[in-house]
Amino acid sequence: MHFSHTSQSWLYELALWYVVNHSIVTWRGLIAHFNSAEQALAASAGDWKVLSVHASHLKRLSDWKVNGAIRQQYHQTIRAIEQGDFHLLYEKMPEYPKLLATITDPPPFLFYQGNIGCLNQPQLALVGTRKPSPSARKIAFDFARELAQSGIWITSGLAHGVDADCHRGALAAGGGRTIAVLGTGIDLCYPSAHQSLFNQIVAEGGLILSEFTPKTEPLAHHFPRRNRIVSGLSLGVLVVEAALKSGSLITARLAAEQGRDVLVIPGHIANEQAAGCHQLIRDGARLVTSVADILEDLNLSRNPLLSSSLESAVAQPVEPAQPLDAHLQPLMAHLDWQGQSIDSLVDSSGIDVATLSGFLMELELMGQVVQVNGLYQRCRV
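Reading the sequence shown from the start, the letters are residues 1 to 381 in UniProt numbering.
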């Protein structure tokens, strides 16, 4: 991203972002008090202390003034931006995402790799457990792919489980329609096992984002902050599978506070991994069972922040799934989301073991059924 040479205030504001270690309240408060980031950095630690600035920030200011490690990290970042290692989006730039700007605490800076042009495209956040059931993994992948085919960008957090499945589903649609928001610096992939997915997102036209300065480690408190950006960028949040203590419920709460739609895919009543989803539904979230439900609920054609071209893009219908062959339909009627043994299916369906085994193999190859610990369960709506 190229910045105007006639206005370099962003350099001081980024420097202040380093000094206050990503504290939005402190960053905005200092600029408001001293009238500019340049003057805030020129002020003494005593001047800052009057404003009840945290002691750790006073220490970092002192380090900055003696040309310490923080200033060195800042200059390394500027050089990396100039070299094109990654890029920087500032809140005063026209490319800054309009929806994100409406939340109460938008990040002043977004470091990024990839296609910045997608930030004002219609997005849906897909979130869920890091240890999803096979059916939830299939749903996350399929819903993300179909939504991406409909023109929706899929936003998530690059975590294990549902996050990764929905990123991959969106990529499978072609066009790279997925955005990953990090809880680390833009130069660190966390978890490291997703480095190839990180690279694929960038290479295929997607986007990687972070409000954190480069080399920032994956600290626990960074991820709730990351979640507010995931929801803030999006028209709504779709929760695929989540336990009662899942971090996905934090994202859903943030989405509701931001005025976004909260959509939930229900699970089996005996599945503890879906208990958080059921709680969200009791709290008023919208139950959805298909991509068509989602497109209808998002009211894209009436969203004032989207252009007519985007509205027409998302209005394209998704091809319906091909119906099952007639010989498989009776068995499918006996399969559930919890899982059943072959003996149980023989008893309930009346189909002999040899025929049943062949039918189950067909359904597995079609992606309709998965086997988990010897039990067969549905994995598609």
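Yeah, the Cβ is synthetic: ideal placement off N, Cα and C, and Gly gets one too.
Exercise for the section: Assign glycine 236 to one of three DSSP states: helix, strand, or coil. Expected result: Residue numbering aside, residue 236 sits at position 236 when the sequence shown is read from its first letter. It is a strand residue.
Practice task
Taking histidine 334 as the reference, give the member of Asp297, Tyr376 and Leu365 with the closest Cα.
Solution key: Position 334 of the sequence shown, counted from the start, is the residue given in the question as residue 334. Nearest of Asp297, Tyr376 and Leu365 to histidine 334, Cα basis: Tyr376.
Handout entry: Own chain partners of leucine 61 with C-beta closer than 7 Å, once the 5 adjacent residues on each side are dropped
Key = Residue 61 sits at position 61 when you count from the first residue of the sequence shown. Residues of the same chain with a CB within less than 7 Å of the CB of leucine 61, apart from the 5 flanking positions on each side, are Val19, Ala45 and Trp48 in chain order.
Exercise for the section: Classify asparagine 227 as buried or exposed, calling it buried when 16 or more other Cβ atoms lie within 10 Å of its own Cβ. Expected result: Locating residue 227 in the sequence shown gives position 227, counting from the first residue. With a threshold of 16 other beta carbon atoms within 10 Å, asparagine 227 meets it and is buried.
Problem - Whether threonine 213 touches isoleucine 179 by CB criterion (8 Å) - result: As a working note, residue 213 is residue 213 in the sequence shown. As a working note, residue 179 is residue 179 in the sequence shown. Contact: no.
Problem - Where the beta strand (DSSP E) containing aspartate 261 begins and where it ends - result: The count along the sequence shown starts at 1 and reaches residue 261 at position 261. Unbroken beta strand (DSSP E) run through aspartate 261: 261-264.
Handout entry: Among Ile152, Arg130 and Leu14, nearest to asparagine 122 - alpha-carbon criterion
Key = For the purposes of this step, residue 122 is taken as the residue at position 122 of the sequence shown. Here residue 122 is proline; the residue named in the question, asparagine, does not match the sequence. For proline 122, the nearest C-alpha among the options comes from Ile152.
Handout entry: Straight-line Cα distance separating leucine 235 from aspartate 105
Key = The residue labelled residue 105 in the question sits at position 105 within the sequence shown. The residue labelled residue 235 in the question sits at position 235 within the sequence shown. The alpha-carbon atoms of aspartate 105 and leucine 235 are separated by roughly 17 Å.
Handout entry: Inter-residue spacing [alpha-carbon to alpha-carbon] between tyrosine 74 and glutamine 8
Key = To locate residue 74, count along the sequence shown from 1; it is residue 74. To locate residue 8, count along the sequence shown from 1; it is residue 8. If I take the Cα positions, the gap works out to 15 Å.
Exercise for the section: Classify phenylalanine 109 as helix, strand or coil using the three-state DSSP reduction. Expected result: For this step, residue 109 is matched to residue 109 along the sequence shown. Phenylalanine 109: strand per DSSP, three-state reduction.
Exercise for the section: Below 8 Å on the Cβ atoms is my guess for isoleucine 294 versus leucine 263; work out the distance and round it to an integer in Å. Expected result: Your numbering for residue 294 matches position 294 in the sequence shown. Your numbering for residue 263 matches position 263 in the sequence shown. Taking 8 Å as the upper bound for CB-CB distance, isoleucine 294 and leucine 263 are in contact here, some 6 Å apart.
Handout entry: 7 Å Cβ shell around histidine 160 - same chain, five flanking residues per side excluded
Key = If you number the sequence shown from 1, residue 160 lands on position 160. Taken in chain order, the residues that qualify are Arg130 and Pro191.
Exercise for the section: Determine the DSSP secondary structure at proline 320, reduced to helix, strand or coil. Expected result: By one-based count along the sequence shown, residue 320 stands at place 320. Residue placement at proline 320 cannot be trusted, given a pLDDT of 45 that sits under 50; what the coordinates show is reported in the next sentence. Three-state result, proline 320: coil.
Handout entry: Through-space distance from isoleucine 70 to proline 317, alpha-carbon basis
Key = If you number the sequence shown from 1, residue 317 lands on position 317. If you number the sequence shown from 1, residue 70 lands on position 70. Confidence is the limiting factor: at proline 317 the pLDDT is only 41, short of 50, which leaves the residue's position unreliable, though a coordinate-based value still follows. Distance between the alpha carbons of proline 317 and isoleucine 70: 51 Å.
Practice task
Starting from the N-terminal side, write out each stretch of the beta strand (DSSP E) that is 3 residues or longer and does not extend beyond the segment 112-153.
Solution key: If we require 3 residues or more, the beta strand (DSSP E) runs fully inside the segment 112-153 come out as 123-127.
Exercise for the section: With DSSP collapsed to three states, give me the class of serine 156. Expected result: By 1-based counting over the sequence shown, the position of residue 156 is 156. In this structure, serine 156 counts as strand in the three-state DSSP scheme.
Problem - Distance between alanine 37 and proline 108 (C-alpha atoms, nearest Å) - result: Along the sequence shown, read from residue 1 onward, the residue named residue 108 stands at position 108. Along the sequence shown, read from residue 1 onward, the residue named residue 37 stands at position 37. Using only the alpha carbons, I get a separation of about 13 Å.
Problem - Cut-off 6 Å between Cβ atoms - residues of its own chain near alanine 252, not counting five sequence neighbours on either side - result: Numbered from its first residue, the sequence shown carries residue 252 at position 252. Setting aside the 5 residues that flank it on each side, alanine 252 is surrounded in the same chain by Val237, Val239, Val262 and Leu280, each with a C-beta closer than 6 Å to its C-beta; the list follows chain order.
Practice task
Taking only the alpha-carbon atoms, compute the straight-line gap between glutamine 258 and leucine 100 and give it to the nearest angstrom.
Solution key: Translated into positions along the sequence shown, residue 258 becomes position 258. Translated into positions along the sequence shown, residue 100 becomes position 100. Going from the Cα of glutamine 258 to the Cα of leucine 100 covers about 9 Å.
Handout entry: Burial state of histidine 327, where buried means 16 or more other Cβ atoms lie within 10 Å
Key = To locate residue 327, count along the sequence shown from 1; it is residue 327. By the neighbour-count definition (other C-beta atoms within 10 Å, threshold 16), histidine 327 is an exposed residue.
Handout entry: Spatial distance of threonine 184 from glutamine 39 (CA atoms)
Key = On the sequence shown, residue 184 is found 184 positions in, with the first residue counted as 1. On the sequence shown, residue 39 is found 39 positions in, with the first residue counted as 1. A direct Cα-Cα distance of roughly 29 Å separates threonine 184 from glutamine 39.
Practice task
Compute the Euclidean distance between the alpha carbons of serine 308 and arginine 225, then round it to the nearest angstrom.
Solution key: What you label residue 308 is simply residue 308 of the sequence shown in a count that begins at 1. What you label residue 225 is simply residue 225 of the sequence shown in a count that begins at 1. Here the model assigns serine 308 a pLDDT of 42, short of 50, so the residue's position is not dependable, and the following value carries that caveat. Spanning the two alpha carbons is a distance of roughly 32 Å.
Problem - Residue burial classification, serine 231 (beta-carbon count within 10 angstroms, cutoff 16) - result: Numbered from its first residue, the sequence shown carries residue 231 at position 231. With at least 16 other beta carbons inside 10 angstroms of its own, serine 231 counts as buried.
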